[in-house]
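S.K.: Here it is, the structure in full.
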Amino acid sequence: MFPQMMQSGLYDFFFVLIFFIISIALSLVMVTFNALIGPHFMGEKKTDTYESGMAPIKTAWMQFGASYYLFALIFLAFDVDVLYLFPVLLIYQKGAGFSELTALLLFLFLISLALVYAWRKGVFIWR
Amino acid sequence: MNITQLPFIKEIYGFLGHDLVAAVIGILIILVFVPLNSAFLVWVERKVAGHIQLRPGPMEVGPHGILQTLIDAVKLMSKEMITPKLADKFLFWLAPIVIIIPAIVCFVVIPFSPLMQVREMNVGILLIFSFSSLTVLSILMAGWASNNKYALIGAVRAVAQNVAYEIPLLLSTMSIIIMTNSFKMSEITAAQSPVWFIVYQPVAAIIFFISTTAETNRAPFDLVEAESELVSGFHTEYTGMRFALFFLAEYTNMFIAASMGAVLFFGGWHGPFFPGLIWFVVKVYALIFVIIWVRWTFPRLRFDQLMNFAWKVMIPVALLNLMITAIVLKAL
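Structure, rendered in structure tokens:
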């Protein structure tokens with residue numbers, strides 16, 4: 000199992016895994032330590048939600064108008080498109096001809112059209 | 000029975016042996032470095048803020064108040080961790096733990112000097128991008144689980160803002176990657192041995208700097224924790240060590256962003272006379288100083304200005320910059 004992993008480059012992710020586990024352990028240790036040495040007093044109002052000194056009105060889990068959801072939609076389209084560029088970047092200078100350039104420019108032009116479309120549609124006007 | 004004699008463990012150890020030592024040393028250094036770095040940066044931030052506002056800043060604990068943050072950390076550790084009764088208990092507990100993950104994991108690929116890098120990976124810079132997106136997930140978790148209106152609004156803003164500024168960040172990095180044809184930090188650094196990339200790519204450098212400032216939720220883009228309107232944003236309900244963990248992550252993210260800037264645009268550890276480590280640290284802290292300076296100089300943006308600036312200015316300019324870079328590379 001490990002010889003194949005070493006060759007495939009997956010082996011590098013062992014280090015990521017080790018750091019991942021250590022980071023969780025670090026925060027768990029800090030929080031647990033705090034829980035052990037910190038005081039524990041219960042008051043009537045202590046665990047109320049903070050709302051500038053008032054008694055909280057309903058909960059925060061309600062519907063509210065976020066003008067951001069259109070931005071989120073363009074982001075999805077944009078970000079997924081941009082991800083396709085990453086492999087191109089690695090081989091861009093290896094080819095001798097201009098075919099990479101043409102392809103890249105065409106792709107970027109098409110992405111830009113999405114931005115122009117959203118702009119003309121008035122997505123960026125704040126309501 | 001000795002556990003190292005088990006066949007499976009033996010097989011792992013056979014391959015890891017040498018590298019495991021490197022990993023353990025790296026972990027130990029980073030576990031010491033991350034909290035000290037954050038403590039130091041908080042002190043620097045307060046000092047710079049003080050001097051910009053013509054007051055001395057913290058002066059009491061230690062020479063020029065340098066031990067102030069350590070005392071603050073001890074104080075936070077002896078405070079009670081409160082969980083609001085209306086909160087989503089599990090997510091409220093989980094959020095500060097998740098936010099530490101990117102802050103530690105990103106150090107795997109950061110090249111402090113030619114030798115001081117935990118692991119050179121072929122995905123290098125992509126690893127930092129992918130893990131740092133966990134930060135916004137944690138902010139959303141914290142804001143939503145708190146069941147507090149300020150926290151929720153802060154979290155929603157954080158998502159919108161991080162989403163918007165991630166695209167110019169990626170595009171400006173791409174104009175560097177297209178020149179080096181590699182995601183490896185060492186190859187990006189090596190490609191800058193005569194001339195730093197900021198000379199070739201000044202526009203990308205500016206876009207990168209602005210986007211990282213927004214991605215790390217620093218002023219003038221700190222609408223996530225805008226004190227004057229949202230108390231303190233997504234971590235309003237957090238106390239004690241959990242609160243400290245959010246700050247630990249924030250200042251470590253600043254360090255990671257600045258070191259990415261140093262690697263991409265300022266030649267990483269390249270420099271004359273001194274060893275690579277010194278150059279790298281000097282460049283990173285210089286960039287962090289600029290980020291702090293910006294915070295205490297510019298007023299906060301309005302939210303629609305923030306979003307429109309990303310979509311109407313940053314992304315078109317970054318796209319154009321990438322196109323021009325591509326054309327120039329093929330024309331030369």
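Top line first, the protein sequences correspond to chains A and B. The first sequence begins at 0 in numbering that gives the first Met the number 0 and counts up by one. The second sequence begins at 0 in numbering that gives the first Met the number 0 and counts up by one. Glycine is no exception: its CB is placed at the ideal position from the N, C-alpha and C atoms. As the structure is a computational prediction, the values presented were derived from the model and not from experiment.
1. Does residue 0 (chain B) have its Cβ less than 7 Å from a Cβ in chain A?
2. Within its chain, find whatever has a CB closer than 8 Å to the CB of residue 314 (chain B); leave out the 5 residues flanking it on each side and keep chain order.
3. Starting from residue 56 (chain A), follow the alpha helix (DSSP H) in both directions and report where the run begins and ends.
4. Residue 301 (chain B) by DSSP, collapsed to three states: which one?
5. Which full runs of the alpha helix (DSSP H) of 4+ residues lie inside the segment 156-235 of chain B, going along the chain?
6. Using a C-beta cutoff of 7 Å, does residue 80 (chain A) count as contacting chain B?
7. With 8 Å as the C-beta to C-beta threshold (strictly closer), list the residues of the segment 14-37 of chain A near chain C in chain order.
8. Going along chain B, which residues have a C-beta under 8 Å from residue 116 (chain A)?
9. Among B:35, B:174 and B:225, which residue has its Cα nearest to the Cα of residue 204 (chain B)?
10. Helix, strand or coil for residue 120 (chain B) per DSSP?
11. If you compare alpha carbons, which of B:261, B:260 and B:216 is closest to residue 246 (chain B)?
12. CA-CA distance, residue 266 (chain B) and residue 210 (chain B)?
13. Does DSSP classify residue 17 (chain A) as helix, strand or coil?
14. Are residue 37 (chain B) and residue 172 (chain B) closer than 7 Å when you measure CB to CB?
15. Using three-state DSSP, classify residue 272 (chain B) as helix, strand or coil.
16. Does the Cβ of residue 228 (chain B) have 16 or more other Cβ atoms within 10 Å, making it buried, or fewer, making it exposed?
17. Grab me the residues of residue 25 (chain B)'s own chain with a C-beta within less than 7 Å of its C-beta, minus the 5 sequence neighbours each way, in chain order.
18. Looking only at its own chain, which residues have a Cβ that is under 6 Å from the Cβ of residue 190 (chain B), when we skip the five neighbours before and after it?
19. Kindly give me the distance between the Cβ atoms of residue 222 (chain B) and residue 302 (chain B), rounded to whole angstroms, as I take these residues to be in contact under 8 Å.
M.R.: Working from what's here:
1. Counted from its first residue, the second sequence places residue 0 (chain B) at position 1. Caution is warranted here: a pLDDT of 46 is assigned to residue 0 (chain B), below 50, making its placement in the model unreliable, and no coordinate value can be reported.
2. Residue mapping note: residue 314 (chain B) aligns to position 315 of the second sequence, counting from 1. Excluding sequence neighbours, residue 314 (chain B) sits near 166, 167 and 170.
3. Here the question's residue 56 (chain A) lines up with position 57 in the first sequence. Segment: none, residue 56 (chain A) is in no alpha helix (DSSP H) and carries neither H nor E.
4. Here residue 301 (chain B) refers to the residue found at position 302 when the second sequence is read from its first residue. Three-state DSSP puts residue 301 (chain B) in coil, outside helix and strand.
5. If only uninterrupted alpha helix (DSSP H) runs of at least 4 residues are considered, those enclosed by the segment 156-235 of chain B are 184-189, 196-199, 201-214 and 226-229.
6. Taking the first residue of the first sequence as position 1, residue 80 (chain A) is located at position 81. By this cut-off, residue 80 (chain A) is not an interface position.
7. Within the model displayed, chain C is absent; protein chains A and B are what it includes.
8. For the purposes of this step, residue 116 (chain A) is identified with residue 117 of the first sequence, where counting begins at 1. Within 8 Å Cβ-Cβ: nothing; residue 116 (chain A) doesn't reach chain B, min ~12 Å.
9. As a first step, residue 204 (chain B) must be located in the second sequence, where it is residue number 205. The shortest Cα separation from residue 204 (chain B) among B:35, B:174 and B:225 belongs to B:174.
10. The residue you call residue 120 (chain B) lines up with position 121 of the second sequence. Coil.
11. Working through the second sequence from its first residue, we reach residue 246 (chain B) at position 247. Nearest Cα to residue 246 (chain B) within the set B:261, B:260 and B:216: B:216.
12. Numbered from its first residue, the second sequence carries residue 266 (chain B) at position 267. Numbered from its first residue, the second sequence carries residue 210 (chain B) at position 211. Roughly 20 Å between the two C-alpha positions.
13. Within the first sequence, numbered from 1, the residue matching residue 17 (chain A) stands at position 18. Helix at residue 17 (chain A).
14. Residue 37 (chain B) sits at position 38 when you count from the first residue of the second sequence. Residue 172 (chain B) sits at position 173 when you count from the first residue of the second sequence. No, the pair does not count as a contact, with Cβ atoms beyond the cut-off.
15. Taking the first residue of the second sequence as 1, we reach residue 272 (chain B) at position 273. Coil, per DSSP.
16. If you number the second sequence from 1, residue 228 (chain B) lands on position 229. Exposed, by the Cβ-count rule.
17. Taking the second sequence and counting its residues from 1, the one referred to as residue 25 (chain B) is at position 26. Once the five neighbours on either side are set aside, the close Cβ partners of residue 25 (chain B) are 117.
18. For this step, residue 190 (chain B) is matched to residue 191 along the second sequence. Closer than 6 Å at Cβ, skipping near neighbours: 179.
19. On the second sequence, residue 222 (chain B) is found 223 positions in, with the first residue counted as 1. On the second sequence, residue 302 (chain B) is found 303 positions in, with the first residue counted as 1. Indeed, because the Cβ distance is near 6 Å, the residues count as touching under 8 Å.
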